[in-house]
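Visitor: A single structure is presented below for examination.
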Amino acid sequence: MAADGNTAALCAPVDRVRGRAPAHDVPPRELVLNGRFLTRPGTGVDRVAAELARALAARPDIRLTMALPREALGERSGQLLGPAISRGPLRGHAWEQISLPGLAGGRWCLNLCNTGPLFGVRQVVMLHDAHVATVPGSYSRAFRALYLSLQPRLSRRAAIVLTVSDHSRHSLEATGLVPRGKARVVPNGADHMDRIVADHSVLDRHGLRPRGYFLAVGSAAAYKNIAMIASVADARGAAALPLVTTGGAMPRVFGASPHSGGHRHLGRVTDPELKALYANALALLFPSLAEGFGLPPLEAMSCGTPVIATTAGAVPEVCGGAALHADPSRPSDWRQAMDRIETDADLRRDLRARGRARAAGFTWTRAADRLLAAIAEAEANGA
Numbered sequence: 045m046a047a048d049g050n051t052a053a054l055c056a057p058v059d060r061v062r063g064r065a066p067a068h069d070v071p072p073r074e075l076v077l078n079g080r081f082l083t084r085p086g087t088g089v090d091r092v093a094a095e096l097a098r099a100l101a102a103r104p105d106i107r108l109t110m111a112l113p114r115e116a117l118g119e120r121s122g123q124l125l126g127p128a129i130s131r132g133p134l135r136g137h138a139w140e141q142i143s144l145p146g147l148a149g150g151r152w153c154l155n156l157c158n159t160g161p162l163f164g165v166r167q168v169v170m171l172h173d174a175h176v177a178t179v180p181g182s183y184s185r186a187f188r189a190l191y192l193s194l195q196p197r198l199s200r201r202a203a204i205v206l207t208v209s210d211h212s213r214h215s216l217e218a219t220g221l222v223p224r225g226k227a228r229v230v231p232n233g234a235d236h237m238d239r240i241v242a243d244h245s246v247l248d249r250h251g252l253r254p255r256g257y258f259l260a261v262g263s264a265a266a267y268k269n270i271a272m273i274a275s276v277a278d279a280r281g282a283a284a285l286p287l288v289t290t291g292g293a294m295p296r297v298f299g300a301s302p303h304s305g306g307h308r309h310l311g312r313v314t315d316p317e318l319k320a321l322y323a324n325a326l327a328l329l330f331p332s333l334a335e336g337f338g339l340p341p342l343e344a345m346s347c348g349t350p351v352i353a354t355t356a357g358a359v360p361e362v363c364g365g366a367a368l369h370a371d372p373s374r375p376s377d378w379r380q381a382m383d384r385i386e387t388d389a390d391l392r393r394d395l396r397a398r399g400r401a402r403a404a405g406f407t408w409t410r411a412a413d414r415l416l417a418a419i420a421e422a423e424a425n426g427a
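Using the numbering used here, read the sequence shown as starting at 45 and increasing by one per residue.
So, in structure tokens, the structure goes:
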């Protein structure tokens, strides 16, 4: 990855790992996936782990096994892959530190969700961002203490450290979470949206009409900046198009009234519902104060939806000129951008075309290729 953060490099192809289809005398490469993420409600980080796992499992030269805490065995694990292994009664971080190394054995262990075991395993660790250091107010004191203690030691000891953008690589290095020069960039894909069948009935259930709302996808974390964009929607008045938000409960953002003024909060939605909401929105609004990657803009672009995106974090790098950008600290900029999108049909057509082209460059197959290239490089250097 170019050190200057050239946006074109994010979705540039890499040479495929030699031997995509294994020769008859070469066994498949054995990988073990840390499946602890299957024990919690899904997040964007968990999406990355699941989609990378899916892309790896589809390859004939890879044999991927999922290592799972006992509470993850069952329906969710079966959605993704074939073989799964588990051991012992431990849960959470204790399982990850104590049980997982024994399950991995001598195989490469893929830890794709910011944490992993400190000892006893040959591993790949993916750290998605440096938010615990750069936006600490978005996390509890206990969470910050854990990550600020664990991640620097983990990144020093892991054979391979991956991250998802040049911005994240620079931030992880600048904050001391990763040694300088160690992290390799593996951008997310967006083509998981292609296999999802949209559930357009979600519009009727919530009284929405096609192109009749703006959409924001986020969480209650302060850096997602949902409160700011909700206030902009309210200030535009009842006659303007409403803002629809999705994600977990946001009492700190909306209080006791998730439907008021110019916005309505739908809570968690399914993938088919989310695709329909993307496809029918006038535009996606993505106002984050910090992002290590920012997957929702690419998901929206892949659905042909214009995007108004933050100027912060990795988002300009990811969007690559295919979005309209606004400063997340200036609500007036967002109001002006929303007005432009609402009144300028030519701008919407241009953003739809550029967005589809941009999103098409980000695939999970390409991400898997980059991960495997990092493993091959590490092995060539004696790992």
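The beta carbon of each residue, even a glycine, is placed where N, CA and C say it ideally should be.
On a predicted model such as this, the values are computed, not experimentally measured, just so you know.
With three or more beta-carbon pairs closer than 8 Å as the criterion, would you say the stretch 225-232 touches the stretch 203-217?
Guide: yes
Visitor: Taking buried to mean at least 16 other C-beta atoms within 10 Å of its own C-beta, is residue 290 buried or exposed?
Guide: Using a 10 angstroms sphere on the CB of residue 290, the tally of other CB atoms reaches 16 or more, which defines it as buried.
Visitor: Give the secondary structure of residue 258 by DSSP, where H, G and I count as helix, E and B as strand, and everything else as coil.
Guide: strand
Visitor: Kindly indicate which residue of 387, 415, 266 has the alpha-carbon position closest to the one of residue 332.
Guide: 266
Visitor: Anyone know if the C-beta pair for residue 84 and residue 112 falls short of 9 Å?
Guide: no
Visitor: Let's see if you can read the secondary structure: which residues bound the alpha helix (DSSP H) around residue 175?
Guide: 175-178
Visitor: Taking just the CA atoms, how far does residue 165 sit from residue 261?
Guide: 36 Å
Visitor: When DSSP labels each residue in this structure, what does residue 414 get in the three-state scheme?
Guide: helix
Visitor: Beta-carbon separation of residue 170 and residue 76 under 9 Å?
Guide: no
Visitor: In whole angstroms, what is the alpha-carbon distance linking residue 279 and residue 375?
Guide: 10 Å
Visitor: What are the partner residues of residue 73, as DSSP defines its beta bridges?
Guide: Residue pairing of residue 73 in beta bridges, as defined by DSSP: 106.
Visitor: In chain order, what residues of the same chain have a beta carbon less than 8 Å from the beta carbon of residue 325, not counting five sequence neighbours either side?
Guide: 255, 257, 258, 259, 288, 344, 349
Visitor: Look up residue 229 in the DSSP assignment and say whether it is helix, strand or coil.
Guide: strand
Visitor: Under three-state DSSP, which class holds residue 200?
Guide: helix
Visitor: If you reduce the DSSP assignment to three classes, tell me which class residue 330 lands in.
Guide: Judged by DSSP in its simplified three-state form, residue 330 adopts strand.
Visitor: Which stretch, first to last residue, makes up the beta strand (DSSP E) that contains residue 155?
Guide: For residue 155, the enclosing beta strand (DSSP E) stretches over residues 152-155.
Visitor: Which whole-angstrom value describes the C-beta separation of residue 306 and residue 336, a residue pair presumed to lie in contact below a C-beta threshold of 8 Å?
Guide: The pair is not a contact, with the Cβ atoms about 30 Å apart (cut-off 8 Å).
Visitor: Whole-angstrom Cβ separation of residue 204 and residue 419, contact assumed at under 8 Å?
Guide: Sure, about 7 Å apart at Cβ, within 8 Å.
Visitor: Which residue's Cα is closest to the Cα of residue 247: 143, 404, 128, 313?
Guide: 313
Visitor: Beta-carbon separation of residue 269 and residue 178 under 9 Å?
Guide: no
Visitor: Under 9 Å, do residue 292 and residue 311 count as touching if we go by C-beta distance?
Guide: yes
Visitor: CB-CB under 7 Å to residue 131, same chain, minus the five flanking residues each way: which ones, in chain order?
Guide: 143, 146, 147
Visitor: Can you check DSSP and say which residues form a bridge with residue 167?
Guide: 153
Visitor: DSSP three-state call for residue 308: helix, strand or coil?
Guide: strand
Visitor: Apply the 10 Å Cβ neighbour rule to residue 274 and answer buried if 16 or more other Cβ atoms are within range, or exposed otherwise.
Guide: buried
Visitor: Considering only residues of the same chain and omitting the five flanking positions on each side of residue 381, which have a CB-CB separation below 7 Å?
Guide: Taking C-beta separations shorter than 7 Å and ignoring five residues to either side along the sequence, the partners of residue 381 in its chain run 352, 368, 370, following chain order.
Visitor: Can you name, in chain order, every residue of its own chain whose Cβ lies under 8 Å from the Cβ of residue 30, other than the five neighbours on each side?
Guide: Only positions 45 to 427 of the chain appear in the structure, and residue 30 is not among them; the question remains open.
Visitor: Following the continuous alpha helix (DSSP H) through residue 172, name the residue where it begins and the one where it ends.
Guide: Element bounds for residue 172: n/a, residue is neither H nor E.
Visitor: Considering residue 407, what are the terminal residues of the alpha helix (DSSP H) in which it resides?
Guide: Unbroken run through residue 407: none, as it is neither H nor E.
Visitor: Assess, as a yes-or-no matter, whether the stretch 313-323 is touched by the stretch 234-244 under the definition of 3 or more beta carbon pairs within less than 8 Å.
Guide: yes
Visitor: Taking residue 399 as the reference, give the member of 251, 234, 426 with the closest Cα.
Guide: 234
Visitor: Decide if residue 406 is buried, meaning its Cβ has at least 16 other Cβ atoms within 10 Å, or exposed.
Guide: By the 10 Å Cβ count, residue 406 comes out buried.
Visitor: Quick check on residue 208: does DSSP put it in helix, strand or coil?
Guide: Coil at residue 208, not helix or strand.
Visitor: Taking the alpha-carbon of residue 362 as reference, which of 378, 373, 340 has the nearest alpha-carbon?
Guide: The residue with the shortest Cα to Cα distance from residue 362 is 340.
Visitor: Per DSSP, what are the beta-bridge partners of residue 369 in this structure?
Guide: 353
Visitor: Identify the residues that DSSP records as bridge partners of residue 288: which are they?
Guide: 259, 308
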